[in-house]
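K.L.:
Residue numbers (UniProt numbering): 1 to 492. Here a beta-carbon is modelled for each residue, glycine too, at the ideal position from N, C-alpha and C. Keep in mind that this is a model prediction, so the values were computed, not measured. First the structure, which I've put down as structure tokens, then a few questions once you've had a look.
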């Protein structure tokens, strides 16, 4: 450590104990955490009463959080909210960390939970981000008298010795360790915290909406602006077919987490969220592989036990009656042996045709892609839904809204069969179709009104109406419903 760095150290740097800004009174509504000794299941959340769809089970602020580096110029470092025209900087004029804040409250809270220790050391800006996150975790844990993240598993025993040693080396050999003179005990605590981070981190997402012709919503997608640890939300186990949904930003703060029920549950039923893989989007084999590699457990949820990947499965090109798993040796109905190399090449060709068709506005290329897709997949498959959706996007870009509405309606029909009528995926397609109907005005005002009202009901049932990043979408639906109703009345 240099003499200059030594002069910057204060008693706070030595104690490494932060100010706990989280609410310790967070409670689960209608549910309890079951503390299980069994490693396979672990702690989990179970209902203590019958609950309806749309019920909010939990609201929570992060214990620790870290904004992605690329979003620092545009988002608040502490609450991850998109910055307006005015922004607040660290009051220390010599600070080189380039933090921006939406309010003095966020600046103050970030100071007392992390930045206070790092502000004077710009040389640490290029420190391994995982190490910085673990360091923040150690400071926050010390505020509760703990050495690691309170109550969370690390699964260190399932890491290889090489992985654990890599954690230790990244901490011990870095500049952070040298400047703060981290003891062996602190290093080992941070090793455990890195394991906890791996198994308990939530990607904090925001919804981005794409618009095309008029005000037609062409599509929406999620971006991960940062990551955070939520002590209570981490108690929910994973399911590939979850009965609860995680939302962010529902109270105006982008890091605010809410867990809502997406379907009714009975008393004593376990409540689950998704850690990423979903039965409707990935095969059982791929889901289990990803979950084991990322979280060190083999998923045994109801969806994985059924091994029901119907929405993703191929169909036999000979008998057309039997579903096939990827690389299945032969059809169990007609004994036909599929040529998986040829199938893979055709799939790649279909993807290429869709991309070229959209760029060139060439409907014939979409039709070619559709023929290839229908050769290997059922008409109600996810693959066909995506194809209908892409074709609808092309027609919207061309201003041919009549054809676009038919395509998006076909996509919506498939999506509702696969994901259910009250689902985030269905809500997204319903929004697109409602805006297309609205932009056709005279021809489809009645359909626009009815669909907007139905979509609003789905948003409210899932709690999407409280999602700050979906605020514009929800307001758009309300406007469509209101103005189409008024216009229909005037026409009468």
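Pick out whichever of 91, 383 and 130 has its Cα sitting closest to the Cα of residue 119.
P.N.:
Comparing Cα positions, the closest option is 91.
K.L.:
I'd like to confirm the pairing. Which residues does DSSP put opposite residue 163 in its beta bridges?
P.N.:
Beta-bridge pairing links residue 163 to no other residue.
K.L.:
In chain order, what residues of the same chain lie with their CB nearer than 8 Å to the CB of residue 83, ignoring the 5 residues before and after it?
P.N.:
The answer, listed in chain order, is 74, 75, 76, 100 and 102.
K.L.:
Quick one: is residue 337 buried, meaning 16 or more other Cβ sit within 10 Å of its Cβ, or exposed?
P.N.:
When all chains shown are included, residue 337 counts as exposed.
K.L.:
Note down the Cα distance separating residue 78 from residue 446, rounded to an integer number of angstroms.
P.N.:
Roughly 45 Å between the two C-alpha positions.
K.L.:
Starting from residue 425 and walking both ways along the alpha helix (DSSP H), at which residues does that stretch end?
P.N.:
It spans 424 to 439 - the alpha helix (DSSP H) in which residue 425 sits, taken as one unbroken run.
K.L.:
DSSP on residue 325, reduced to helix/strand/coil?
P.N.:
Three-state DSSP puts residue 325 in coil, outside helix and strand.
K.L.:
Looking at residue 437: is its Cβ nearer than 8 Å to the Cβ of residue 427?
P.N.:
Against a cut-off of 8 Å, the Cβ pair of residue 427 and residue 437 comes out as no contact.
K.L.:
Using the Cβ count rule (16 or more neighbours within 10 Å means buried), how would you classify residue 6?
P.N.:
Because residue 6 carries a pLDDT of 47, less than 50, the predicted location of this residue cannot be relied on, and the following value inherits that uncertainty. When all chains shown are included, residue 6 counts as exposed.
K.L.:
Roughly how many whole angstroms lie between the Cα atoms of residue 228 and residue 322?
P.N.:
If you take the alpha carbons of residue 228 and residue 322, they lie about 44 Å apart.
K.L.:
Alpha carbon to alpha carbon, how far is residue 385 from residue 420? Give it in angstroms, no decimals.
P.N.:
Computed Cα separation, rounded: 14 Å.
K.L.:
If we ignore side chains and look at the alpha-carbon of each, how far apart do residue 198 and residue 254 end up?
P.N.:
Cα to Cα, the separation comes out at about 22 Å.
K.L.:
Would DSSP call residue 483 helix, strand or coil?
P.N.:
Helix.
K.L.:
In chain order, which alpha helix (DSSP H) runs of at least 4 residues are fully inside the segment 250 to 302?
P.N.:
Counting whole runs of 4 or more residues, the segment 250 to 302 contains the alpha helix (DSSP H) stretches 284 to 295.
K.L.:
Which of helix, strand or coil does DSSP assign to residue 75?
P.N.:
Strand.
K.L.:
Using a threshold of 8 Å, state whether the C-beta atoms of residue 480 and residue 410 are closer than that.
P.N.:
No, Cβ-Cβ distance for residue 480 and residue 410 is not below 8 Å.
K.L.:
Tell me where the beta strand (DSSP E) around residue 369 begins and ends.
P.N.:
From DSSP, residue 369 is part of no beta strand (DSSP E) but of the alpha helix (DSSP H) over 363 to 376.
K.L.:
State the start and end residues of the unbroken alpha helix (DSSP H) segment that holds residue 65.
P.N.:
Where residue 65 is concerned, there is no enclosing alpha helix (DSSP H), although the beta strand (DSSP E) it sits in stretches over 64 to 67.
K.L.:
Determine the extent of the beta strand (DSSP E) in which residue 31 is found, giving its start and end residues.
P.N.:
Taken as a continuous stretch (DSSP letters only), the beta strand (DSSP E) holding residue 31 covers 31 to 34.
K.L.:
Under the rule that 16 or more other beta-carbon atoms within 10 Å means buried, what is residue 96, buried or exposed?
P.N.:
Result: exposed.
K.L.:
Quick check: the segment 184 to 195 against the segment 107 to 114, are there 3 or more CB pairs under 8 Å?
P.N.:
No, because fewer than three Cβ pairs between the segment 184 to 195 and the segment 107 to 114 fall closer than 8 Å, the two stretches do not touch.
K.L.:
Do residue 262 and residue 53 have their C-beta atoms closer together than 8 Å?
P.N.:
In this structure, residue 53 lies closer than 8 Å to residue 262 by Cβ.
K.L.:
Would you identify the three-state DSSP class for residue 244, choosing helix, strand or coil?
P.N.:
DSSP places residue 244 in strand when its eight states are reduced to three.
K.L.:
Can you give the Cα-Cα distance for residue 256 and residue 319, rounded to whole angstroms?
P.N.:
For residue 256 and residue 319, the distance between alpha carbons rounds to 51 Å.
K.L.:
Counting only runs that start and end within the segment 119 to 168, where is the alpha helix (DSSP H) found for 4 or more residues in a row?
P.N.:
Listed in chain order, they are 129 to 142.
K.L.:
How long is the line joining the alpha carbons of residue 303 and residue 125, rounded to whole angstroms?
P.N.:
Taking the straight line from one Cα to the other gives about 44 Å.
K.L.:
In three-state DSSP terms, what is residue 314?
P.N.:
If DSSP states are grouped into helix, strand and coil, residue 314 belongs with the strands.
K.L.:
Could you give the DSSP three-state label for residue 47: helix, strand or coil?
P.N.:
If DSSP states are grouped into helix, strand and coil, residue 47 belongs with the strands.
K.L.:
Do you know offhand how far residue 224's Cα is from residue 72's?
P.N.:
If you take the alpha carbons of residue 224 and residue 72, they lie about 13 Å apart.
K.L.:
Going by DSSP, what residue range makes up the beta strand (DSSP E) through residue 56?
P.N.:
First-last of the beta strand (DSSP E) with residue 56: 56 to 60.
K.L.:
Is it buried or exposed, residue 341, if we count other Cβ atoms within 10 angstroms and call 16 or more buried?
P.N.:
Classification for residue 341: exposed.
K.L.:
Using a threshold of 8 Å, state whether the C-beta atoms of residue 572 and residue 207 are closer than that.
P.N.:
Examination of residue 572 is not possible in this model, given that the chain is present from 1 through 492 alone.
K.L.:
Within this structure, are the beta carbons of residue 370 and residue 394 separated by less than 8 Å?
P.N.:
Not in contact: residue 370 and residue 394 (Cβ atoms no closer than 8 Å).
K.L.:
Looking only at its chain, what residues have a beta carbon closer than 7 Å to the beta carbon of residue 277, apart from the 5 residues adjacent to it on each side?
P.N.:
240, 287, 290 and 291.
K.L.:
Roughly how many angstroms separate the alpha carbons of residue 269 and residue 204, rounded to a whole number?
P.N.:
Cα to Cα, the separation comes out at about 27 Å.
K.L.:
Residue 347 to residue 451, Cα distance in whole Å?
P.N.:
If I take the Cα positions, the gap works out to 34 Å.
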